[in-house]
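Undergrad: Take this structure first; my questions come after.
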């Protein structure tokens, strides 16, 4: 029998970890939340050391995601992808920043605890975000954990900029690196 549907869920604790009513105005606040989700995910042993949050034009949370690759048995369940999919389902649109008529109607931001891997980079190109806020760099992930972040275009930031996506790196980089280091030191599984 072929499977005809996919059902992915976040750990239950995520609902208590976010304040959906709060406006996260500063970039630092947005990335701090993504890093906190990554930290809690490894502490709860519910997935890998990655968190991501989609924010709408009003700086409020549209959706959050954490890495649930192994618990959900799919290599696609990276934090960024989970946040994108949940935001798209919530808003009922495949591109977050375009309404049903294909008109851009607001700026959407993804805050992530670490630079998107090659898979999440591709999803970022098509997700319909306008800003990408990043904590740790890919080289931090590969230095401190066993993860392979995969190949990116040499000028991956320029490629996103050409598509109208502003990239801001190194937001709370040390805090994001600390989560990755903690995960690597306990011999974290490759989620």
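In our numbering, the protein residues as written are 444 to 634.
No residue lacks a Cβ here, since even glycine has one placed at the ideal position from N, Cα and C.
Just so you know, these numbers come straight off a predicted model, no measurement behind them.
(1) Apart from the five residues just before and just after residue 563, which ones in its own chain have a Cβ nearer than 7 Å to its Cβ?
(2) Give the secondary structure of residue 481 by DSSP, where H, G and I count as helix, E and B as strand, and everything else as coil.
(3) I need the boundaries of the beta strand (DSSP E) containing residue 624, first residue and last residue.
(4) Residue 555: which of 515, 470, 585 sits nearest, CA to CA?
(5) Please classify residue 597 as buried or exposed, where buried requires at least 16 other C-beta atoms within 10 Å of its C-beta.
(6) Just how far apart, CA to CA, sit residue 576 and residue 467?
(7) Where do the N-terminal and C-terminal ends of the alpha helix (DSSP H) with residue 643 fall, by residue?
(8) Tell me the residue span of the alpha helix (DSSP H) that contains residue 581.
(9) In whole angstroms, give me the CA-to-CA distance for residue 615 and residue 478.
(10) Which same chain residues end up closer than 6 Å to residue 634 when comparing Cβ atoms and leaving out the 5 residues on each side of it in sequence?
TA: Checking against the coordinates, here is how it stands:
(1) 521, 523, 524
(2) Residue 481: helix per DSSP, three-state reduction.
(3) Looking at the DSSP string, residue 624 is not in any beta strand (DSSP E); the run it does join, the alpha helix (DSSP H), is 616-628.
(4) 470
(5) exposed
(6) 13 Å
(7) Since the first residue shown for the chain is 444 and the last is 634, residue 643 is missing from the structure and cannot be characterised.
(8) 581-587
(9) 8 Å
(10) The predicted model places residue 634 with a pLDDT of 46, which falls under 50 and marks its position as unreliable, so this point remains unresolved.
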